[in-house]
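I have placed the structure first, in the form of structure tokens, so that the comments after it can refer back to it.
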Amino acid sequence: MHAHTSAQAEIQTELVKWLNLSTQRTMDEFVRFIRKQEITLQQMTVLMHLHYHGSCEMSRLVEPLQIGKSAVSQLVERLVKMGYLERVEVAGDRRARLVRITAAAEQVVLEAIAARQNWIEATHFDMPLGDQKQMVQALRHLNQLFALPARGKTA
């Protein structure tokens, strides 16, 4: 039983190392990309939110951005002027407006997502074919485990 506990601890240690390295590389690529696009992290957060969640009222951006309504309004205005967002009237309510991502912004988001993964393609996995196959099996198993709810947590 002790060997099992030791093996689990070793797995956890290596996973934490891998998580730290992959997060660092992912964020480095992402930040490099958004700087090249001349947009801020907060602006990209708005674009990503709208990409994944669809159009919404500006007030719905307050929580994910953790800023006030007036700051959200200024941020949205800048993105509208940049051609990345548009305001759309809500049918039946002349005062309500939705914020919608434009096709240009959608393209930027897709490129940002790809940029986050560039480091993986640039990594050379120089190892014997048998080791590569074992790695694929281990990664598939990890993906299955991580797709399950955490112990003691419900979805």
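Here the sequence shown is numbered in numbering that gives the first Met the number 0, starting from 0 and rising by one per residue. Each residue gets a CB set at the ideal place from its N, CA and C atoms; glycine is no exception.
Simplified DSSP assignment, three categories, for Q42: Your numbering for residue 42 matches position 43 in the sequence shown. In the structure shown, Q42 sits in a helix (DSSP, three-state: H, G or I).
Sequence-distant residues of the same chain with beta carbon closer than 7 Å to A111, five excluded per side: Sequence index remark: in the sequence shown, residue 111 carries index 112 (1-based). Closer than 7 Å at Cβ, skipping near neighbours: F29, F32, I33, M43.
Residues that R99 bridges to, as DSSP identifies them: Along the sequence shown, one-based indexing puts residue 99 at 100. BP columns for R99 point to E85.
Where the alpha helix (DSSP H) containing M134 begins and where it ends: Taking the sequence shown and counting its residues from 1, the one referred to as residue 134 is at position 135. That run of the alpha helix (DSSP H) goes 128 to 146.
M126 versus Q143: straight-line alpha-carbon distance, rounded: Within the sequence shown, numbered from 1, the residue matching residue 126 stands at position 127. Within the sequence shown, numbered from 1, the residue matching residue 143 stands at position 144. Going from the Cα of M126 to the Cα of Q143 covers about 24 Å.
Inter-residue Cα distance where the pair is A70 and P63: Looking up residue 70 in the sequence shown gives position 71. Looking up residue 63 in the sequence shown gives position 64. Rounded to the nearest angstrom, the two C-alpha atoms are 13 Å apart.
Nearest-angstrom Cα separation, counted from Q116 out to I10: Residue mapping note: residue 10 aligns to position 11 of the sequence shown, counting from 1. Residue mapping note: residue 116 aligns to position 117 of the sequence shown, counting from 1. Near 24 Å, if we compare the C-alpha coordinates of Q116 and I10.
Spatial neighbours of L18 in its chain, beta-carbon cut-off 8 Å, leaving aside the 5 residues before and after: Position 19 of the sequence shown, counted from the first residue, corresponds to residue 18. Cβ neighbours of L18 beyond the five flanking positions: none.
Where the alpha helix (DSSP H) through Q65 begins and ends: Your numbering for residue 65 matches position 66 in the sequence shown. Run containing Q65: none; DSSP gives neither H nor E here.
Member of H48, Q106, F145, L141 whose CA lies at the smallest distance from the CA of V98: Counting from one through the sequence shown, the residue named residue 98 turns up at place 99. For the residues H48, Q106, F145, L141, the minimum Cα distance to V98 belongs to H48.
Cβ-Cβ distance between H50 and V108 below 9 Å: One-based indexing of the sequence shown puts residue 50 at position 51. One-based indexing of the sequence shown puts residue 108 at position 109. Yes, these two residues count as a Cβ contact at 9 Å.
A103, buried or exposed, once every other Cβ within 10 Å from all chains shown has been counted against 16: Position 104 of the sequence shown, counting from 1, holds the residue named residue 103. It is exposed - the Cβ of A103 has fewer than 16 other Cβ atoms within 10 Å.
DSSP state of R93 mapped onto helix, strand, coil: In the sequence shown, residue 93 corresponds to position 94, counting from 1. In this structure, R93 counts as strand in the three-state DSSP scheme.
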